[in-house]
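A short worksheet on the structure shown next.
There are 2 protein chains.
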Amino acid sequence: MSKTEWRVGVAGLGTVGGGLLNFLAEAPDFAPAGGRAVVTGVSARSRSRPRPFDISNLPWFDDPVALATSPDNDIFVELIGGSDGPAKAAVEAALNAGKPVVTANKALIAEHGAELAALAEAKGVPLLFEAAVMGGTPAVKMLREAMVGDDVKSVAGILNGTCNYILSEMDSGGRSFADVLSEAQRLGYAEADPTMDVGGFDAAHKISILAALAFGCAPNYAAAEIEGIDQVALLDIQLAKDLGYKIKLIASADRSEEGVLVRVHPTLVAQNHPLAQAGGALNALFIEGIRIGRIFIQGPGAGSGPTAAAVAADIADVMTRAARPVFQRPAAVLTPFVPIDPARSTTRAYLRFLVKDEPGVIAAVSETLAGAGVSIESFLQKPVENADGVPIVLTTHAVAEAVLTAAIDQIASLPAVLDRPRLLRIART
Amino acid sequence: MSKTEWRVGVAGLGTVGGGLLNFLAEAPDFAPAGGRAVVTGVSARSRSRPRPFDISNLPWFDDPVALATSPDNDIFVELIGGSDGPAKAAVEAALNAGKPVVTANKALIAEHGAELAALAEAKGVPLLFEAAVMGGTPAVKMLREAMVGDDVKSVAGILNGTCNYILSEMDSGGRSFADVLSEAQRLGYAEADPTMDVGGFDAAHKISILAALAFGCAPNYAAAEIEGIDQVALLDIQLAKDLGYKIKLIASADRSEEGVLVRVHPTLVAQNHPLAQAGGALNALFIEGIRIGRIFIQGPGAGSGPTAAAVAADIADVMTRAARPVFQRPAAVLTPFVPIDPARSTTRAYLRFLVKDEPGVIAAVSETLAGAGVSIESFLQKPVENADGVPIVLTTHAVAEAVLTAAIDQIASLPAVLDRPRLLRIART
Chain H
1 MSKTEWRVGV
11 AGLGTVGGGL
21 LNFLAEAPDF
31 APAGGRAVVT
41 GVSARSRSRP
51 RPFDISNLPW
61 FDDPVALATS
71 PDNDIFVELI
81 GGSDGPAKAA
91 VEAALNAGKP
101 VVTANKALIA
111 EHGAELAALA
121 EAKGVPLLFE
131 AAVMGGTPAV
141 KMLREAMVGD
151 DVKSVAGILN
161 GTCNYILSEM
171 DSGGRSFADV
181 LSEAQRLGYA
191 EADPTMDVGG
201 FDAAHKISIL
211 AALAFGCAPN
221 YAAAEIEGID
231 QVALLDIQLA
241 KDLGYKIKLI
251 ASADRSEEGV
261 LVRVHPTLVA
271 QNHPLAQAGG
281 ALNALFIEGI
291 RIGRIFIQGP
301 GAGSGPTAAA
311 VAADIADVMT
321 RAARPVFQRP
331 AAVLTPFVPI
341 DPARSTTRAY
351 LRFLVKDEPG
361 VIAAVSETLA
371 GAGVSIESFL
381 QKPVENADGV
391 PIVLTTHAVA
401 EAVLTAAIDQ
411 IASLPAVLDR
421 PRLLRIART
Chain Z
1 MSKTEWRVGV
11 AGLGTVGGGL
21 LNFLAEAPDF
31 APAGGRAVVT
41 GVSARSRSRP
51 RPFDISNLPW
61 FDDPVALATS
71 PDNDIFVELI
81 GGSDGPAKAA
91 VEAALNAGKP
101 VVTANKALIA
111 EHGAELAALA
121 EAKGVPLLFE
131 AAVMGGTPAV
141 KMLREAMVGD
151 DVKSVAGILN
161 GTCNYILSEM
171 DSGGRSFADV
181 LSEAQRLGYA
191 EADPTMDVGG
201 FDAAHKISIL
211 AALAFGCAPN
221 YAAAEIEGID
231 QVALLDIQLA
241 KDLGYKIKLI
251 ASADRSEEGV
261 LVRVHPTLVA
271 QNHPLAQAGG
281 ALNALFIEGI
291 RIGRIFIQGP
301 GAGSGPTAAA
311 VAADIADVMT
321 RAARPVFQRP
331 AAVLTPFVPI
341 DPARSTTRAY
351 LRFLVKDEPG
361 VIAAVSETLA
371 GAGVSIESFL
381 QKPVENADGV
391 PIVLTTHAVA
401 EAVLTAAIDQ
411 IASLPAVLDR
421 PRLLRIART
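Line order of the protein sequences matches chains H and Z. According to UniProt numbering, the first sequence holds residues 1 to 429 in order. According to UniProt numbering, the second sequence holds residues 1 to 429 in order.
As structure tokens, then:
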């Protein structure tokens, strides 16, 4: 069965939808496999909203489900967003109608990926989501296809461009989180409600998807441990710099015999590490396999052009009629990974806290940490203008998180310690 | 047509072949699409040669062509190497027999890729070669599949691990090319005849393949401009370091409206550039597209594990029965790219030469360059022990190569200049 024209229905007409419409209008014959992609229907919340691209000649659907099931299209592209609601309903409807689906929706795949994969495989159609992670940088294809001759041990990287932009600006401009965030909102780099980004949830959706592809299991977003950047103080960025680190929001997934640990948190990364050097709104990822070793990939994680290009590449993949499971294994044998209790993992740590400016304090802190089993790697006391006390920073050697937490409790209870120590983890090199 | 067992014939039993045999013995069910890969025949130059893996239970073929056409296998894997001879004969025979072919042979694909693609597409079978470029790092899949929603403008990177190792060791150890090469040969990092690597020919094969995938044309190895690292002096590495650069063997392909320029040459790369930081035997590549922007990918470019993993990923791709052209376009419409005369390209340059230690020399050189239309960016005269004259180094702003060459001729003819200036190009940032 050869088909020269693939009729594409596009639901969601934001910047990515607009980029895709422009691209397919300019280059309908872009796909190497030789098919022609023509947009034959669009849907969005408002038909009349002003847009920088023309939709007047395209068949309009008020209801994305009606577009998804319309006999006038062969591929359904979902760019609505959101883990539930119309996006999920439309994707399910398209799959049920036996149509290939391409989506950029990380929340949907992270939270409902396994059940949607089962539906797609039952219907024998592809469900592709390259644009859901790292925009135009093909992390999904790499893990789903290029790494199958290896066993991936870990993936770790910078998956949220908004957070990376904010942290980079705080670092280079010496400005507070709140300052940079409000500027980013003014410039359109951050949403009016920035919670999904700065709270770490967007990065957690993405790393949950990558973990599933890397380890051959179902996404398990509920098991992700998530800490955003909204509590990152400028002081920590500056002190980390003095110690030779940058603070980045790192999303990571590590597999061991016991299970999988998926987490997102602000992390100290050594300044000469490639992840520390990915500035601005870049995304970057390390993939480590037992045979291949470490692969690093970096590129733009968002934006109309890159993300639309990723959607287009998925449309081209649909045209190859490749038959493969949605994740690494058929949905029928896909199980959620077993989460590891983070308290059982080990980490190097950065601790910052205020102490009274009096003799014996450092000795008391050092003894407390030693007694708790935490080994100090470096100690930094900086003369900072602070009437409330003297800030102390220390870094530790690798230690079990449960031990670390207990030690922090003990330090916080010392009379000379004025606040609860701020904990940031330090990335492995 | 569903097939649960894919019988694999493997020709060439070096380190990659051994890695593949071990992997398929351990994990025959690795492929997500669900097929089982079983080695059902092997071929190599000598059956009795001692090997660190067991082939005694595998059907042996003296002639790789006989293995390629044997009715007892479904996929032919070519790991023999070489652009012609038995490798080409066996690949042609397998394709003619209607069998999918997976190869790691960059010389074969760079020099005969278009005709082999035509044969594969006429027979309706895939011809895959992920392992031919960057070993386990999936540059081929990225350009062939993930970038099809974009127009790639340029690819540039480090594609030969042996050269990168030698240059890195010269830099870190302050040792000469000859010293490091002989050590690398002793350690098995370089071949007894190192010409393919250090002469830049291996990198040229690889960039010719990437250029074809990036720009939708046939490989045109004959048009590549090639300079190796065998003339890189330790002095240049040290002077480049003083100027803030590392010297790397950069393979690049640039597309413009006039055509394509493919070249390999030792290049100064700014020390904070990701390509400068890819040390040891790493490979690294920038891909720049008009929509996606710049993507960077880095990983191991050789070795048994990574390369065998790339071959295995291609075998898994065969099992998906994806139907796509071998390069970016069907072989029927694939034409070799039009090479651009390098003299018409522009570059920033590093020039190093010896001058007599007498007044007025720098003025004479500066005036000569200014008269020729070359603008100097920086000038460095280092006190180096050298009875024969004083080494002078300068870097230029971007200038047409033809202008640069004419200027070098003029400088060489100045009475105070004692040798022909050594030209190295400086990478764009």
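Where is the CB? At the ideal position from N, CA and C, for every residue including glycine.
- Any Cβ of chain H closer than 8 Å to the Cβ of Z/E288 would place that residue at the interface, and such an atom is absent.
- Across the structure, H/E111 and H/P219 are spaced so that their CA atoms are roughly 7 Å apart.
- The beta carbon of H/D171 does not come within 8 Å of any beta carbon belonging to chain Z, so the residue lies off that interface.
- In summary, Z/T103 is buried, with 16 or more beta-carbon neighbours lying within 10 Å of its beta-carbon over all protein chains present.
- Nearest CB-CB separation between H/M196 and chain Z: not below the 8 Å threshold.
- The bridge partners DSSP lists for H/I295 are H/I287.
- At least one CB atom of chain Z sits nearer than 8 Å to the CB of H/G293.
- Scanning Z/E92, Z/G228 and Z/I408 for the CA closest to the CA of Z/L394 turns up Z/I408.
- Residue range V361 to A372 is occupied by the alpha helix (DSSP H) that includes Z/V361, with no beta strand (DSSP E) assigned at that position.
- DSSP places H/S345 outside both helix and strand once states are collapsed to three, so it counts as coil.
- A direct Cα-to-Cα measurement between H/I166 and H/P194 gives close to 12 Å.
- Per DSSP, reduced to three states, the secondary structure at Z/I80 is coil, with no helix or strand assignment.
- Chain H has no Cβ within less than 8 Å of the Cβ of Z/Q271.
- From the beta-carbon of Z/E145, the residues of chain H found nearer than 7 Å are K141, A313 and D317.
- Classified as exposed, H/T429 has fewer than 16 neighbouring CB atoms from the shown chains inside 10 Å of its CB.
- Between Z/F30 and H/V264, the C-beta spacing is not below 8 Å.
- Of the residues Z/F353, Z/C217, Z/Q277 and Z/E257, the one whose Cα lies closest to the Cα of Z/F337 is Z/C217.
- Contact of H/G299 with chain Z by beta-carbon distance below 8 Å involves I292, G293, R294, I295 and F296.
- Between H/S256 and H/G18, the C-beta spacing is not below 8 Å.
- In the pairwise beta carbon analysis, the segment 280-297 of chain H is classified as touching the segment 305-312 of chain Z: at least three pairs are separated by under 8 Å.
- Among the residues of chain Z, those whose CB is under 7 Å from the CB of H/G34 are P330, following chain order.
- Taking the beta carbon of H/V148 as reference, the chain Z residues within 8 Å of it are F30, A31, P32, A312, A313 and A316, listed in sequence order.
- Under DSSP, H/K246 takes part in a beta bridge, and its partners are H/V269.
- As summarised for the segment 192-263 of chain H, the continuous beta strand (DSSP E) elements at least 3 residues long and confined to that stretch are 245-256, given in chain order.
- The beta carbon of Z/R324 falls within 8 Å of a beta carbon belonging to chain H, placing the residue at that interface.
- Chain Z has a Cβ within less than 8 Å of the Cβ of H/P138.
- Between the C-alpha atoms of Z/T69 and Z/T320 there is a straight-line separation of about 22 Å.
- Going by DSSP, H/T395 is part of no alpha helix (DSSP H) but of the beta strand (DSSP E) stretching over V390 to T396.
- For Z/T103, the enclosing beta strand (DSSP E) stretches over residues V101 to T103.
- For Z/L181, the enclosing alpha helix (DSSP H) starts and ends at F177 to L187.
- For Z/T320, the chain H residues whose C-beta falls within less than 7 Å of its own C-beta are A322, A323 and R324, listed in chain order.
- Z/V180 and H/M142 have their alpha carbons spaced roughly 35 Å apart.
- At a cut-off of 8 Å between C-beta atoms, Z/P306 counts as an interface residue with respect to chain H.
- With a threshold of 8 Å between beta carbons, Z/P274 makes contact with chain H.
- In the DSSP assignment, H/R7 forms a beta bridge with H/V38.
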